[in-house]
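By the numbering used here, the letter at position 425 of the sequence shown is numbered 425, and the numbering carries on one by one without gaps. Glycine included, every Cβ here is placed at the ideal spot set by N, Cα and C.
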Amino acid sequence: DGSVAPWRVDHDTYLRKCRELGMKVLPYTFQTPKWLSRAPEGTKKNIQGHPPKDFATYGEMMFQLAARYGRVKHPAAELKSSDGLSGLGLLDVYQLWNEPNLEGPDWAPWVGSMAEYFEIFRLGAEGVKRADPSARVATAGFAGVGVDRVDGLYRHVYADGKRPVDFADILCVHYYSGKQQPEVATLDRNATRTGDAEPGAPTYPESLRQLMDWRDDFAPGKPIWLTETGNDVGGPMGLGEWEQGAKIPRVTMLALAAGIDKVFIYRERGSTPAQHAGAGLMRDDDTYRASWFTFATLIRQFVGVAPGRAWRIAHPDPDVWVHVWMRDGKPFVTAWTLGKETDLGLDLGKCEVVDAFGHAMRREAKTLRLGAYPQYLGAIGRPEALVAPVKAAQQQEAARQAARRRDATRRALLFDFGSKEHVAVQTIGRVRVFQPVLAADRHDPARGWGFEGKDGARDFSSHWIADPLRKDRVRLQAGSAFRFRVEAGRYRVSLQAAALGDSVTVSLRGEKPLHAWDVGKSGGDFEAELDLPSGDLWLDADGWVELQGLSLVEV
């Protein structure tokens, strides 16, 4: 929190003390010293956010760090420290950089492309493993839990055919629900700093499910850690202390219920009403907020809870969230509501009920009053009452997975206009990557897509927009068209576009007109379900238009 004057931490002493207290430390290693930074001459802000001039220096730094604090002793000739110490056995996992997917040269933790991050990540990972083969490497915590945030770990391919995910033992993400309730939140203000949630955006629990599906498909068995989450009090992303005390245990449990392996809360202390500075479980004067106690209760209640997902069981009130876990081999229930206070309504008999602040009593579960603060139910009197609802939840998940397998076979054409750097992905049974299309991509019959007609198309980008599908675009004039080939079938056609003037008509046509959308200056998402013929189709407009995305998914 900045209180480490004179700006030097004795890491040896600090890490030894943590070990004595039974604490494990996850260091994340980023910010380049000024003398190594490749920041252009004259840069005034965020010099440390730029990568080093020579990426190999990061790999060497990670080797030195893991050699000192890992488990393996090294010859003094390999070490750069003045005391020549190695093999101290104080660290066993290392996180490489922080939030590289955020963009902003004056403040972002990584001022470079994602491709460059993946290059430096590999060098750092190899440095760690060279120093201590038993150590684990964690990716940077990506801002946001959407699949598009992490998909590059698999899609990026090195010259030798390997991928970043091959060098990661742990995958890391960050999430902040801001002023929204995490159960229904569709926007992470840390990951998306301007604008509102896009129409149809998934909620936090839905995004977590998609993230776990992605992991199962592309990094099976690798744990995912939520290495930052929390809630501000005040400021642009925060509500009050009462809301913080309720939300922090809930956002944590939602992650654990989805199968997230570990959750880290940001931060221990801080009450300045600014972004993230007000997120402390303690205030700046070291007094405790409600969240300190509610998070402590959560930790105590989850001792003995089996790793892996929990089951959300059905309740007549959709605002009520009830999860069933296994704790020490027996059912354990957590419950709260987003709406007005209400009874739990489940005939579980008498249970050991612990409220969010740790007060315990044995009482009937059915009439237990639920509010925004979670309740914990153990020593359940009638555990058999949970068998049917848990089975129903498991059947619902099995049906979702079956639908996912069916959707994975659907044909899809996906085009993302304006950039090859920020390319969208979409989950259609499996993760599909959009085809990036630049203004200079003229129609190629062999390839089956491209622009034709008048020249003058241009690529444009908005660095403040996080969504890769809407971040970049191709500006197209009347008399030009995007031509592509499709197989016959019924498709759900989705267009993301905006007019440069008040309004334009964007048309989809083959040998005859197929559909038209009225597109305004503010733009948006436009959809239609169409029977399309086999062959070439054209997308054009009767005026200047900015094309952001086009998708055709078989129905």
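Counterpart residues of residue i in DSSP-defined beta bridges
i, result
"Ser494", "Glu527 and Ser551"
"Thr342", "Leu370"
"Asp416", "Pro436 and Gly549"
"Met282", "Arg269 and Tyr288"
"Asp328", "DSSP output for Asp328 lists no bridge partner at all."
"Met361", "Val353"
"Ser507", "Ala516 and Asp540"
"Leu26", "Leu26 pairs with nothing; no bridge assigned."
"Leu377", "Val333 and Val353"
Own chain, CB closer than 6 Å to residue i, minus 5 neighbours either side, in chain order
i, result
"Arg485", "Gly448 and Asp536"
"His323", "Ala257, Ala310, Arg312 and Thr334"
"Met114", "Gly152"
"Ser551", "Leu414 and Ser494"
"Ala246", "Ala372 and Tyr373"
"Pro533", "Ala488 and Gly510"
"Gly2", "Bear in mind that the predicted position of Gly2 carries a pLDDT of just 48, short of 50, making it too unreliable to give a figure here."
"Thr227", "Gly141, Cys172 and Phe264"
"Glu103", "His463"
"Val150", "Phe142"
"Asp472", "Gly418, Ser419, His422 and Ser461"
CB contact flag (residue i, residue j, <7 Å)
i, j, result
"Ala402", "Val553", "no"
"Gly559", "Phe63", "This structure does not reach residue 559, given that the chain is present from 1 up to 555, and the question cannot be answered."
"Gly479", "Lys454", "yes"
"Gly524", "Ser503", "no"
"Asp148", "Val425", "yes"
"Ala408", "Arg430", "yes"
"Tyr175", "Asp188", "yes"
"Trp97", "Asn46", "no"
"Arg483", "Trp538", "yes"
"Asp132", "Arg68", "no"
"Leu370", "Trp325", "no"
"Leu344", "Ala365", "yes"
"His463", "Glu452", "no"
"Asp328", "Gly304", "yes"
"Ala385", "Leu438", "no"
"Ala191", "Gly144", "yes"
Expected contact under 8 Å - CB spacing of residue i and residue j to nearest Å
i, j, result
"Glu268", "Gly278", "Rounded, the Cβ-Cβ distance is 13 Å, inconsistent with contact."
"Val354", "Gln301", "6 Å"
"Val233", "Gly240", "6 Å"
"Tyr288", "Phe218", "Wrong, their Cβ atoms sit about 42 Å apart, outside the cutoff."
"Trp225", "Asp261", "6 Å"
"Leu254", "Pro205", "6 Å"
"Gln548", "Ala481", "Not really, about 16 Å apart at Cβ, beyond 8 Å."
"Leu123", "Gly59", "3 Å"
"Glu529", "Leu500", "Wrong, their Cβ atoms sit about 28 Å apart, outside the cutoff."
"Leu65", "Tyr94", "7 Å"
Same chain only: Cβ atoms within 7 Å of residue i, ignoring 5 sequence neighbours per side
i, result
"Leu36", "Pro52, Lys53 and Thr57"
"Arg8", "none"
"Cys18", "Val25"
"Pro559", "Shown here, the chain extends from 1 to 555; a query on residue 559 therefore has no answer."
Residues of its chain near residue i, where Cβ-Cβ distance is below 8 Å and the 5 sequence neighbours each way are ignored
i, result
"Asp284", "Arg269, Gly270, Ser271 and Thr272"
"Trp242", "Ala290"
Near the ligand HEM: residue i beta-carbon under 6 Å from a heavy atom
i, result
"Val474", "Annotation note on the ligand HEM: not contained in the displayed structure, which lists no ligands."
Query raised in the report: Which residue spans inside the region 104-176 form an unbroken beta strand (DSSP E) run of at least 3?
Result: 136-143 and 170-175
Requested in this report: Enumerate, from N- to C-terminal direction, the unbroken alpha helix (DSSP H) stretches of 4 or more residues contained entirely within the region 31-103.
Outcome: 56-69, all fully within the region 31-103.
Requested in this report: Could I get the ranges of all uninterrupted alpha helix (DSSP H) runs contained in the region 183-267, with 4 residues as the minimum, in chain order?
Outcome: 204-218 and 241-258
**Report entry** Unbroken stretches of the alpha helix (DSSP H), 4 residues or longer, contained in the region 452-481
**Finding:** List check, alpha helix (DSSP H) in window: 468-471.
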